[in-house]
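All remarks here apply to the structure that follows.
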Amino acid sequence: MATFFGEVISVYSRAVEEDDYDNTEEENEDDVQIRREIEEKREVHVRWCQVVSKALESSENLNRIHLIIAVGHNAAGFISAHVLSAADWAQVGWVALWNERSHGSKRPDTAPLPGEPGCVLYQQDSCPSVLICQCTGYVAEDQLFQWAERVLGSVQKRGLSVTVLSDCPLAEYKSPDYMTSSGAPFLRALKTSMHVGTLPCPLLELPNIITGLPAAVLSHCQVHRIPAVLFQCFTDVIHPDSVTMETYKPILSSLSASVKLEASPSTEILQRLTRINDSQSNIYT
Amino acid sequence: MFVSTEDTLPSFKGFTLIMPAVSVGNVGQLAADLLISTLSMPRAGHFHTDCLIPMAGSNPYVAAAEEAGQPSTNAEVYSRSDLKLAVLQIRTPVLQTKIKSFRKLLVSWIKSSAFSRTVLLSSSQAYQRDDQQLQGTALRYLLSPSLEEQVGEALRQLGWTQLERVSAFPGISDSEQRLYIPGGGITKGLYMDCCTEHLPMAVVLLFCSEGDNVPDAFALCNHLNDWLILVEKPAQGPAPWRIPPSWRLLFGSGIPPLLF
């Protein structure tokens, strides 16, 4: 669609494809090969450290694994500030993937560096049954399904339970009442039918939905009958901030026996996590 | 891949399958919602596939979140064996690169489940109609050859209009006539697949534009009900379709009271 000013705007359509796609019917060999190569390039791989991968395969000592997946900067920040800093967590693996916005596969066999976007898995020596996956990188729409399948598939399904932490702008929360920012940030939960236990917050109301990586993980768990619960934090701050991170605190209290929480992390760590928005947003500094 | 909610696989042998195409205005999906909600159809399972964009939410047909029980995913099958009816609801768009594999998956599932017929609810861009399509009703149908033999006459008696073929080059009198469903998503492809596989398929579609497509969904449901008689039609007035609670707040959240 062209406008008065001559620029071309792509029109959003829910119909997936405007025209009938006769062209794609007649694919030649080259097209097929290119398509296959792109698909291969976009594949998601989970890399575990050798010791852990052996333990996961045998799964003798890891009978009841609890996997905590933190998606987005707020949830990942919460994990960094309140959980990882409190005990001896070690990096045990990472998820390697390539797409237009995260070029991880330049180094497919090296883990993302600290502070670099990516998905990193952590485990505690003293309590190996809890795994944490901290995901700050972008996972494309076509990789979400595979991500969930590969990450959850690499862990023993029997006795597995999953907790997903994620965040979302308050503007996307639909409610019949007008939402003032005084109520934010707040939590909403969504659980699979196999999940039992009380929740520290209300369930997600209709017509709100979950998309992206949390949705892919929860769908996988629902279909494969893995007990899972998702906590979505609705926040009115665009950038990661410490107040939003605090809202995740009550969730992990149920795991207090195995996951030690740092109640008041040092300002230095918090500053590092929330510094992203400092330099660009203020023209006077 | 169909994953049953129960431990045993339900039998869909001889069932009628109704499914939407993700198409312009989401009319087919809205109509499927109306059918599931009105007929209070229980969920039979998930249609778990990598061809659709993931999505999760509370049960869309139960108003209170506490009673919702199971979460819903991007594609689910609802069925009622007393009506011999199954509805596949699709809630997210098909990934552009996976359109072909999605069609293949659907065809193989339809085949293996032994549905007696498949009804594809769809829509097409209203602005792309040609002169002959502009007149009269906005509803059209298409039948695959194997279903044409069974119900073709019945539909003609109901006064239904078949989707016209349009010329590939308008204005040139002897140009090739072809099937053209702009904005119909997988409609044309799936219909063609079913024709070649000799599967009984009917496409019921509506010309519409993006906007508030709730009235279009009612129109499509009423039209379908004329043929399949899924809901008892009262002597006067329209059939009593029940709007699911998930249609609330279609136009956003509440407005600030201080505005007034």
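Protein sequences, first through last, are from chains R and S. Residue numbers for the first sequence follow numbering that gives the first Met the number 0, beginning at 0 and rising by one. Residue numbers for the second sequence follow numbering that gives the first Met the number 0, beginning at 0 and rising by one. The beta carbon of each residue, even a glycine, is placed where N, CA and C say it ideally should be. None of the values given here were measured: they were computed from a predicted structure.
Hey, is residue i's beta-carbon within less than 8 Å of any beta-carbon in chain R?
{"i": "Ala137(S)", "result": "no"}
{"i": "Gly27(S)", "result": "no"}
{"i": "Leu94(S)", "result": "yes"}
{"i": "Ile17(S)", "result": "no"}
{"i": "Gln131(S)", "result": "no"}
{"i": "Ile242(S)", "result": "no"}
{"i": "Ala55(S)", "result": "yes"}
{"i": "Leu223(S)", "result": "no"}
{"i": "Val2(S)", "result": "yes"}
{"i": "Gln176(S)", "result": "no"}
{"i": "Pro70(S)", "result": "yes"}
{"i": "Pro214(S)", "result": "no"}
{"i": "Pro169(S)", "result": "no"}
{"i": "Pro59(S)", "result": "yes"}
Any C-beta of chain S sitting closer than 8 Å to the C-beta of residue i?
{"i": "Gln145(R)", "result": "yes"}
{"i": "Glu36(R)", "result": "no"}
{"i": "Gln221(R)", "result": "yes"}
{"i": "Leu301(R)", "result": "Only positions 0 to 284 of chain R appear in the structure, and residue 301(R) is not among them; the question remains open."}
{"i": "Val15(R)", "result": "A caution first: Val15(R) carries a pLDDT of 47, below 50, which makes its placement in the model unreliable, though a value can still be read off. Taking Cβ atoms only, chain S reaches closer than 8 Å to Val15(R), which makes this a yes."}
{"i": "Val210(R)", "result": "In the sequence as displayed, the identity of residue 210(R) is Thr instead of Val. Yes, its Cβ sits closer than 8 Å to a Cβ of chain S."}
{"i": "Tyr137(R)", "result": "no"}
{"i": "Leu96(R)", "result": "no"}
{"i": "Ala214(R)", "result": "yes"}
{"i": "Asn27(R)", "result": "no"}
{"i": "Leu189(R)", "result": "yes"}
{"i": "Tyr121(R)", "result": "no"}
{"i": "Leu186(R)", "result": "no"}
{"i": "Asp235(R)", "result": "no"}
{"i": "Ser176(R)", "result": "Strictly speaking, residue 176(R) in this sequence is Asp, with Ser absent from that position. Interface residue, yes."}
Grab me the residues of residue i's own chain with a C-beta within less than 7 Å of its C-beta, minus the 5 sequence neighbours each way, in chain order.
{"i": "Val21(S)", "result": "Gln28, Ile89, Pro92, Val93, Gly184"}
{"i": "Leu157(S)", "result": "Asp225, Trp226"}
{"i": "Ala74(R)", "result": "Leu164, Ser165, Asp166, Tyr247"}
{"i": "Arg102(S)", "result": "Ile185, Gly188, Leu189, Asp192"}
{"i": "Phe1(S)", "result": "Gly44, Phe46, Val76, Trp108"}
{"i": "Leu258(S)", "result": "none"}
{"i": "His72(R)", "result": "Thr135, Pro239"}
{"i": "Val242(R)", "result": "Pro184"}
{"i": "Lys83(S)", "result": "Gly13, Phe14, Thr15"}
Grab the span of the beta strand (DSSP E) containing residue i for me, first residue to last.
{"i": "Met200(S)", "result": "200-207"}
{"i": "Lys248(R)", "result": "First-last for Lys248(R): 248-251, but that is the alpha helix (DSSP H), not the beta strand (DSSP E)."}
{"i": "Met54(S)", "result": "54-56"}
{"i": "Cys173(R)", "result": "Here the sequence assigns Lys to residue 173(R), which means Cys is not the residue at that position. Element bounds for Lys173(R): n/a, residue is neither H nor E."}
{"i": "Leu248(S)", "result": "No beta strand (DSSP E) holds Leu248(S); DSSP gives it neither H nor E."}
{"i": "Leu189(R)", "result": "185-190"}
{"i": "Ser101(R)", "result": "Taken as a continuous stretch (DSSP letters only), Ser101(R) belongs to no beta strand (DSSP E), as it is neither H nor E."}
{"i": "Ser160(R)", "result": "160-168"}
{"i": "Glu75(S)", "result": "74-79"}
Which residues mark the beginning and the end of the alpha helix (DSSP H) in which residue i is found?
{"i": "Leu272(R)", "result": "266-273"}
{"i": "Lys103(S)", "result": "98-112"}
{"i": "Val126(S)", "result": "Reading the sequence as shown, one finds Tyr at residue 126(S) and not Val. No alpha helix (DSSP H) contains Tyr126(S), which DSSP labels as neither H nor E."}
{"i": "Asp130(S)", "result": "130-133"}
{"i": "Tyr140(S)", "result": "Taken as a continuous stretch (DSSP letters only), Tyr140(S) belongs to no alpha helix (DSSP H), being part of the beta strand (DSSP E) at 138-142."}
{"i": "Ala89(R)", "result": "No alpha helix (DSSP H) holds Ala89(R); the beta strand (DSSP E) holding it covers 88-95."}
{"i": "Gly44(S)", "result": "Unbroken run through Gly44(S) is the beta strand (DSSP E), 42-46; no alpha helix (DSSP H)."}
{"i": "Leu34(S)", "result": "26-37"}
Cutting at 8 Å between CB atoms, please list the residues of its own chain near residue i, excluding the five before and the five after it.
{"i": "Ile208(R)", "result": "Ala214"}
{"i": "Glu17(R)", "result": "The pLDDT assigned to Glu17(R) is 49, lower than 50, so where the model puts this residue is not dependable, and the model offers no usable value."}
{"i": "Arg177(S)", "result": "Arg164, Val165, Ser166, Ala167"}
{"i": "Met265(R)", "result": "Residue identity differs from the one stated: residue 265(R) is Ser in this sequence, not Met. Once the five neighbours on either side are set aside, the close Cβ partners of Ser265(R) are Ser84."}
Sorted by chain position, which residues of the same chain lie with C-beta nearer than 6 Å to residue i's C-beta, five sequence neighbours on each side aside?
{"i": "Ser153(R)", "result": "Val45"}
{"i": "Ser122(S)", "result": "Ser22, Val23, Gly24, Val26, Leu204, Leu205, Cys207"}
{"i": "Val91(R)", "result": "Cys48, Val51, Leu120, Gln122"}
Taking a cut of 8 Å between CB atoms, which residues from the stretch 181-210 of chain S lie near chain R?
Answer in chain order: Pro181, Gly182, Gly183, Gly184, Ile185, Lys187, Gly188, Glu209.
Pair every Cβ in the stretch 42-59 of chain S with every Cβ in the stretch 195-213 of chain R, then say whether three or more of these pairs are closer than 8 Å.
Using a Cβ-Cβ distance cut-off of 8 Å, the stretch 42-59 of chain S and the stretch 195-213 of chain R are in contact, since at least three pairs of beta carbons, one from each stretch, lie closer than that value.
Per the contact definition of three or more C-beta pairs closer than 8 Å, is the stretch 139-154 of chain S in contact with the stretch 193-208 of chain S?
Counting C-beta pairs with one atom in each stretch, the stretch 193-208 of chain S and the stretch 139-154 of chain S have three or more that are closer than 8 Å, which means they touch.
Counting pairs of beta carbons, one from the stretch 229-239 of chain S and one from the stretch 161-179 of chain S, are three or more of them closer than 8 Å?
Flag = no, the stretch 229-239 of chain S and the stretch 161-179 of chain S do not touch.
If contact is defined by three or more beta carbon pairs under 8 Å, each pair taking one atom from either stretch, is the stretch 112-129 of chain S in contact with the stretch 35-49 of chain S?
No, the stretch 35-49 of chain S does not touch the stretch 112-129 of chain S.
Going along the stretch 226-255 of chain S in order, which residues come within less than 9 Å of chain R, judged by CB to CB distance?
Correct list: Pro243, Pro244, Ser245, Trp246, Arg247, Leu248, Leu249, Gly251, Ser252, Gly253, Ile254, Pro255.
Taking any Cβ of chain R, which residues in the stretch 72-105 of chain S have a Cβ under 9 Å from it, in chain order?
So the list reads Thr72, Asn73, Arg90, Thr91, Pro92, Val93, Leu94, Gln95, Thr96, Lys97, Ile98, Lys99, given in the order they occur along the chain.
For the 8 Å Cβ check, are there 3 or more pairs between the stretch 206-222 of chain S and the stretch 139-153 of chain R?
They do not touch, by the three-pair rule.
Got a sec: which bits of the stretch 31-56 of chain S sit with their beta carbon under 7 Å from any beta carbon on chain R, in order along the chain?
Listed by position, the residues of the stretch 31-56 of chain S near chain R (Cβ gap below 7 Å) are His45, His47, Asp49, Ile52, Pro53, Met54, Ala55, Gly56.
Taking contact to mean 3 or more Cβ pairs, one atom from each stretch, closer than 8 Å, check whether the stretch 216-226 of chain R and the stretch 183-194 of chain R are in contact.
Touching, per the Cβ criterion.
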